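Please read the structure below before turning to the comments.
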Amino acid sequence: MPAPTSATTEAVPASKTVLEIASQKISFWRQLGLLIQWQLRRSLPMLPFFIIVQTLLGVSTVLGYGLIAGYPGREASLYLAGGGPAIALISLGLIMTPQWVSQSRTEGSLDWMRTLPVPRVAFLLADLTIWTALALPGLVVGVIVANARFDVDLAPQWWLVPGAVLVALTAACIGYAIATLLAPALAQILSQVLAFGIMLFSPVSFPADRLPDWAQEIHRWLPFEPMAQVVRAGLFSHDATMPTRFWVLLCVWCAVSVVGASWALGRRP
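This is how it looks when you write it as structure tokens:
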């Protein structure tokens, strides 16, 4: 009987490796689906409340800015119309996430989830799926109200959906890390301070050149202006563009925030 060649002996481990990788992928997606179901059933009584709050936030931001600005010009209308949906997406991660995680820490469900043999990124993706679904009605209604209130040309781009997911993922991971590393009460206070600062002092609903020079330099490296520009350029592509630098900065922040939130979840309490 001929001895097996090196190609034959190398083919078996290679095929096993492929099968193992495929098995791990199937296992991960099944784990993710089960986590989504568990989180959905756990939060089912509160889902209508969250949907109403997100819808009111998206609409009231647009209408409130409209009352302050009166009848603005073309550029100001573009910033105000895009700022409302962007703030709704950002607040989803920086306000709702710490509240959600703090409640889980208080009742002990987060500690129980940490004992599961599930990749930490699966927790993030499961929660992000639910929060994004909760934000969709408010985003759609907010865009419709903004288009009617400020009379801007709605021209959605194909990358609006992945761009919005990128924004939601970055904000949610930042909120996740804050809520996991800090005490629940302190995390909620910090999230409120961040939300207040983003709504009033970040170039989301106004151009960055209105800020002092030192604030402009800080925001050159923060993700909030790119987050707003993704939404604005994705919705109103005839009047707004998304610079390459903003894409790079937002992707870097997303990668860092995902790694940071995964580390925070895997850290021993």
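Per the numbering used here, residue 345 is the first one in the sequence shown, and the count goes up by one each step.
Ideal Cβ placement from N, Cα and C applies to all residues, glycine included.
Owing to the predicted nature of the structure, the values given are computational and were not obtained by experimental measurement.
Residues near residue i by beta carbon distance below 8 Å, same chain, minus five either side
i      : result
ALA512 : LEU433, LEU436, GLY437, LEU472, TRP475, THR476 and ALA479
ALA366 : Residue confidence for ALA366 is low, a pLDDT of 45 falling below 50, so the modelled location carries little weight; the figure read from the coordinates is stated next. Here the set comprises nothing.
LEU498 : VAL487, ASN491, LEU579 and PHE580
ALA584 : LEU422, GLY426, GLN573, ARG576 and ALA577
PHE590 : GLU569, PRO570, GLN573 and VAL574
Burial state of residue i, where buried means 16 or more other Cβ atoms lie within 10 Å
i      : result
GLU419 : exposed
MET440 : buried
ILE412 : exposed
GLN381 : exposed
TYR415 : exposed
LEU460 : exposed
GLY507 : buried
GLY428 : buried
PHE494 : buried
ALA521 : buried
Distance between beta carbons of residue j and residue i, contact taken as under 8 Å
i      : j      : result
GLY426 : TRP503 : Contact flag wrong, Cβ pair sits at about 15 Å.
SER446 : PRO528 : 4 Å
LEU594 : PRO567 : 6 Å
PRO442 : ALA523 : 4 Å
ASP483 : GLY402 : For the sequence presented, residue 483 should be read as Leu rather than Asp. Confirmed, Cβ separation roughly 6 Å.
SER549 : LEU424 : 6 Å
LEU379 : VAL462 : 7 Å
Cβ-based neighbour list, residue i, same chain, cut-off 6 Å, excluding 5 preceding and 5 following
i      : result
VAL602 : CYS517
SER546 : PHE568
SER606 : ARG464 and VAL465
TRP558 : none
PHE394 : LEU478
is_contact[residue i, chain B] using C-beta, thresh 9 Å
i      : result
SER371 : Of the chains in the structure shown, none is chain B; there is only one protein chain.
Paired residues, beta bridge with residue i - DSSP
i      : result
ALA499 : PHE580
Cβ-based neighbour list, residue i, same chain, cut-off 7 Å, excluding 5 preceding and 5 following
i      : result
TRP597 : THR514 and PRO567
### Message
Quick check on the DSSP output: what are the complete alpha helix (DSSP H) runs of length 4 or more inside the region 538-607, in order along the chain?
### Response
557-563 and 568-579
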